[in-house]
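Data block below; observations after.
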Amino acid sequence: MGQLSWLPLLAPLLLLRPPGVQSADPIQAFVVPHSHMDVGWVYTVQESMQAYAANVYTSVVEELARGQQRRFIAVEQEFFRLWWDGVASDQQKHQVRQLLEEGRLEFVIGGQVMHDEAVTHLDDQILQLTEGHGFLYETFGIRPQFSWHVDPFGASATTPTLFALAGFNAHLGSRIDYDLKAAMQEARGLQFVWRGSPSLSEQQEIFTHIMDQYSYCTPVPRLLPRGCTV
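Written as structure tokens, this is what we have:
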């Protein structure tokens, strides 16, 4: 995420029109930065904190304070909690609380990590969500409204049940089978109500949006000359 030099992109509204679209009406595109820091990927948690993670939240709080139109989505509680407990000043903590009240800083999924869906046991998924949600409620009195899995590879049929029963209002995913995503794009079926099994009830289903591209990028790559790098 670097020094967040791209935060000036946070205009309230960007009017974009993908190539080939003939409509006279512009397409409305909202640009909202989000955190994405894999816990334990390549580096240890401590190495990641020292190298970049702590600076991400320090920079985010600083940049959000510079403009009322700016927004940020925070995902991983592991790094945020370490920053909150060991790095953030009293002033920064006050700013975080104010940003949350204003709705300009939002926590999504709220777990310690964005857990893998293939090899992790359901008990561990529940445990890490419970720990992260407990911290957010005890510290800020809030509960995340949306689940967010933009990087785990594949999607388990258990996921909609877990997230629906956890109280999320909607789910965002991305990395699914290439052919399946292509078919969903063609059929304009990237949004749907996901139920893991027909035998389950409505209480175990969740409205789901699958991101258009393979990774977390713009819907049309040509809108950004350098692809997903912002």
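According to mature numbering (1 follows the signal peptide of the UniProt record, and there is no 0), the stretch in the sequence shown is residues -23 to -1, 1 to 207, in order.
Backbone N, C-alpha and C define an ideal beta-carbon position, used for all residues, glycine too.
Discussion item. Give me, in chain order, the residues of the same chain whose beta-carbon lies closer than 7 angstroms to that of residue 135; leave out the 5 immediate sequence neighbours on both sides.
Written reply: 99 and 173
Practice prompt. May I have a chain-ordered list of the alpha helix (DSSP H) segments no shorter than 4 residues that lie completely inside the stretch 17 to 43?
Written response: 22 to 25 and 31 to 41
Worksheet item: Do the stretch 100 to 119 and the stretch 156 to 166 touch if we need at least three Cβ pairs shorter than 8 angstroms?
Response: No, they do not touch.
Discussion item. Along the chain, where does the alpha helix (DSSP H) containing residue 126 start, and where does it finish?
Written reply: First-last for residue 126: 123 to 126, but that is the beta strand (DSSP E), not the alpha helix (DSSP H).
Practice prompt. Label residue 142 either buried or exposed according to how many other C-beta atoms from any shown protein chain fall within 10 Å of its C-beta, with 16 as the threshold for buried.
Written response: exposed
Discussion item. So, with DSSP's three-state summary, where would you put residue 97?
Written reply: coil
Item to complete: Drop a sphere of 10 angstroms on the beta-carbon of residue 3, count the other beta-carbons inside from all chains shown, and report buried for 16 or more, exposed for fewer.
Response: exposed
Worksheet entry | Whole-angstrom distance between residue 164 and residue 48, CA atom to CA atom | Answer to the nearest angstrom: the Cα atoms are 32 angstroms apart.
Worksheet item: Is it the case that the Cβ atoms of residue 151 and residue 94 are separated by a distance below 9 angstroms?
Response: no
Worksheet item: What are the boundary residues of the beta strand (DSSP E) that residue 150 is part of?
Response: 147 to 150
Practice prompt. Look at the alpha carbon of residue 38 and the alpha carbon of residue 166, and state the distance between them as a whole number of angstroms.
Written response: In this model, residue 38 and residue 166 are separated by some 37 angstroms (Cα to Cα).
Worksheet item: Looking at the structure shown, is residue 206 part of a helix, part of a strand, or coil, going by DSSP?
Response: Low per-residue confidence applies at residue 206: pLDDT is 47, beneath 50, and the placement is therefore not dependable, though the value from the model is reported in the following sentence. Of the three classes helix, strand and coil, the one that applies to residue 206 here is coil, per DSSP.
Worksheet entry | Short Cβ contact (9 angstroms threshold) for residue 147 with residue 124 | yes
Item to complete: Go through its chain and collect everything with a Cβ distance to residue 58's Cβ below 7 angstroms, but skip five positions before and after it.
Response: 112
Discussion item. Between the alpha carbons of residue 105 and residue 162, how many angstroms are there, rounded?
Written reply: 33 angstroms
Practice prompt. Would you kindly work out how many angstroms separate the C-alpha atoms of residue 34 and residue 122, rounded to a whole number?
Written response: 21 angstroms
Worksheet item: Is the Cβ-Cβ distance between residue 54 and residue 87 less than 9 angstroms?
Response: yes
Item to complete: Indicate whether residue 26 and residue 52 have their beta-carbon atoms separated by less than 9 angstroms.
Response: no
Fill in: residue 160 versus residue 182 - alpha carbon distance
22 angstroms
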